[in-house]
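In this note's numbering, the protein residues as written are -6 to 407.
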């Protein structure tokens, strides 16, 4: 294993990990649950209505993901990222006086925040990792994207502690500070691996990135491989979202107590990180579509165990772990395959378009599963869909074939 890339790029990798950890989709998704009761007590917003805010968050992320690639081209990646961190911090602080009264204040703010913070979404940090790492790209992406696991582990308790000590406004002060602290780190550490890239600004920077080689947006967005990735990963993501949101109640339906169900589902977080790192390691060493297909089909086995049912806690922990392992691989697989099959020339716009589609799938999945549950009065129909979606979605990636090679600013871009 050649560690030279890690010796030269470890500072950038840590920056990307922190950037992903504090990105709005991570902190608000994992921390929102701790805000629900305080909002209910402060403003009288019922818990069900508050959940709609996550849909607005996803909707804003779709717009931000579409726009960021174009803004990067116009102003440069580094400048866009710094500006987004600043605007995100100010946006969080603006939530303190603006939240209240109608619940639409929550919806609108949650929709706007990922737009003003578009340059600090995970797509920017994965682009930076892709530029620095070639031989160890899969493992580097896995390490960077483990920032979401860090957020899931730390943010709920941190938010709860803030609320207990200083009330709900302190949460937005905390989130603002996290973004502000990242600004000087970004100014110091955000750089590209080639001197020609790091010294460029604005449009020149984007031209230098384009020189790395790859497929341009117009050609990539209509290619069969691009839509194979889109459909395959959307199927798997929709299934995993259903398992995440329904896992605990399904376990309770099987006869486990609420405490037992929570204990069983705690396996999800650890398996997510482990799956992410393992898949990243193998993506660098074996045929990427094969590794990707296998990793995304693993949740199907977990769904089968849920479907057949078991009263054994270890067996159900295994089922949850298999689903979590696949969930951990999703974004790694997407970021790796986009760079591998389309190069880095237009990675920002292609990955942004892909992630917008995946975000829509994530937002629609709970609605689909709610309809399935209502129609079948149980979880069996949903589990059949999840088995099908993960098995077919993973298998579709086998049709990608051999990755192309791109020449340009680096000897080989893939």
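In this text, a Cβ means the ideal position worked out from N, Cα and C, and glycines have one as well.
- Sequence-distant Cβ neighbours of residue 50 in its own chain, meaning closer than 8 Å and more than five residues away, are 17, 18, 21, 22, 103, 104, 106 and 107.
- For the pair residue 180 and residue 128, the Cα-to-Cα distance works out to about 26 Å.
- Closest in alpha carbon position to residue 228, among 126, 315 and 320, is 320.
- In the structure shown, residue 336 falls within a strand segment according to DSSP collapsed to helix, strand and coil.
- Taking C-alpha positions only, residue 343 is separated from residue 361 by approximately 27 Å.
- When rounded, the separation of the alpha-carbon atoms in residue 90 and residue 99 is 12 Å.
- In the DSSP assignment, residue 118 falls within the unbroken alpha helix (DSSP H) covering 115 to 125.
- According to DSSP, residue 112 shares a beta bridge with no other residue.
- The alpha carbon of residue 183 has as its nearest neighbour, out of 5, 368, 374 and 369, the alpha carbon of 5.
- Comparing C-alpha distances from residue 348 to each of 178, 101 and 220 shows the shortest one belongs to 220.
- Between residue 13 and residue 138, the C-beta gap is smaller than 8 Å, which places the two residues in contact.
- Cβ-Cβ distances below 7 Å link residue 149 to 23, 24, 26 and 27 in the same chain, with the five nearest sequence neighbours on each side left out; the list follows chain order.
- Between the beta-carbon of residue 116 and that of residue 394 there is about 25 Å, and that puts the pair past the 8 Å contact cut.
- For residue -2, the enclosing alpha helix (DSSP H) has its first and last residue at -3 to 15.
- Residue 261 sits close to residue 313, with the two beta carbons spaced by under 8 Å.
- By the beta-carbon neighbour count (other beta carbons within 10 angstroms, threshold 16), residue 254 is buried.
- Taking 8 Å as the upper bound for CB-CB distance, residue 233 and residue 316 are in contact here, some 6 Å apart.
- Comparing alpha carbon positions, the residue from 131, 337 and 235 closest to residue 274 is 131.
- The DSSP-derived three-state label of residue 248 is coil.
- The three-state secondary structure of residue 319, taken from DSSP, is helix.
- Its Cα nearest to that of residue 354, the residue 225 stands out among 332, 225, 385 and 263.
- DSSP, reduced to helix, strand and coil, places residue 314 within a helical segment of the structure shown.
- By the neighbour-count criterion, in which 16 or more other beta carbons inside 10 Å mark a residue as buried, residue 279 falls on the exposed side.
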